[in-house]
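Visitor: Every letter in the sequence shown is one number past the one before it in our numbering, and letter 129, counting from 1, is 169. Each residue gets a CB set at the ideal place from its N, CA and C atoms; glycine is no exception. Mind having a look at this structure? Questions to follow.
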Amino acid sequence: MTPRQTALVQASFATLAPRAEEVAGLLYQRLFAVYPDLRQLFPADMSGQYRKLMSAFAVAVQALARPEAVIPTLQVLGRRHAGYGVEDRHYDAGGVALLATLRDGLGEAFDAETEAAWAACWALVANTMRGAVRAELVPAAA
């Protein structure tokens, strides 16, 4: 990600932070609309999950200037999510749900440049998590 993209993501995230639980709720609502089978992977009371999601986003967004600092955490998260039953296709749906939620939450401030910055951020997060799972599936070289 470029420094400009990092700044856009961080600024827009800060704008939404006071409404974190609402934003997380909308994101999961959109995700479950596309993949209703994912709902069973989560507890009935989603409030704790909302906090976990937004906390993870806060860590990732804060570390964008130094992604190497958050990559190990994202790798652990990716392996953990695979254990829960999350598949590659779910990351794509998560990205779509994220961008739609941001578009609604930020309104006119979610311009094309900000959307591209968030798409790059999600790609970094999702690809790192996916990559950790794939790396475990590849047998070690002899």
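1) Can you tell me which of SER87, GLN45, LEU138 puts its alpha carbon nearest to the alpha carbon of LEU71?
2) How many Å lie between GLY65 and ALA100 at the Cα?
3) Note down, in chain order, each residue of its chain lying with its Cβ closer than 7 Å to the Cβ of LEU104, except the 5 sequence neighbours on either side.
4) For VAL126 and ARG59, I'd like the C-alpha separation in whole angstroms.
5) If you draw a straight line from the C-alpha of ALA175 to the C-alpha of ALA109, how long is it?
6) Please state whether the Cβ-Cβ distance between THR141 and LEU67 is less than 8 Å.
7) Compute the distance between the beta-carbons of GLN115 and ALA166, then report whether it is under 8 Å.
8) Between GLN102, LEU78, ASP85, which lies nearest to GLU61 when the distance is taken from Cα to Cα?
9) Comparing alpha-carbon positions, which option in PRO43, LEU81, ALA149 lies nearest TYR124?
10) Ends of the alpha helix (DSSP H) at LEU104?
11) Is GLY147 buried or exposed, if buried means 16 or more other CB atoms sit within 10 Å of its CB?
12) How close, in whole Å, do the beta carbons of THR55 and ALA152 come, if the pair is a contact with beta carbons under 8 Å?
13) Which residue marks the beginning of the alpha helix (DSSP H) containing VAL201, and which one marks its end?
14) Given that a residue counts as buried once 16 or more other Cβ atoms are within 10 Å of its Cβ, and exposed if not, what is SER87?
Guide: Let's see:
1) Out of SER87, GLN45, LEU138, LEU138 has the C-alpha closest to the C-alpha of LEU71.
2) Approximately 19 Å between the Cα atoms of the pair.
3) The answer, listed in chain order, is MET41, THR46, VAL49, GLN50, CYS161.
4) The straight-line gap from Cα to Cα measures roughly 26 Å.
5) ALA175 and ALA109: Cα-Cα distance of roughly 19 Å.
6) Yes, Cβ-Cβ distance for THR141 and LEU67 is below 8 Å.
7) Going by beta carbons, GLN115 and ALA166 fall outside the 8 Å limit.
8) Comparing Cα-Cα distances from GLU61 to each of GLN102, LEU78, ASP85, the minimum goes to ASP85.
9) For TYR124, the nearest C-alpha among the options comes from LEU81.
10) Going by DSSP, LEU104 is part of no alpha helix (DSSP H) at all; its letter is neither H nor E.
11) So GLY147 counts as exposed.
12) Actually they do not touch by this definition, with Cβ atoms about 17 Å apart.
13) Limits of the chain in this structure are 41 at one end and 182 at the other, which puts residue 201 out of reach.
14) Flag for SER87 reads exposed.
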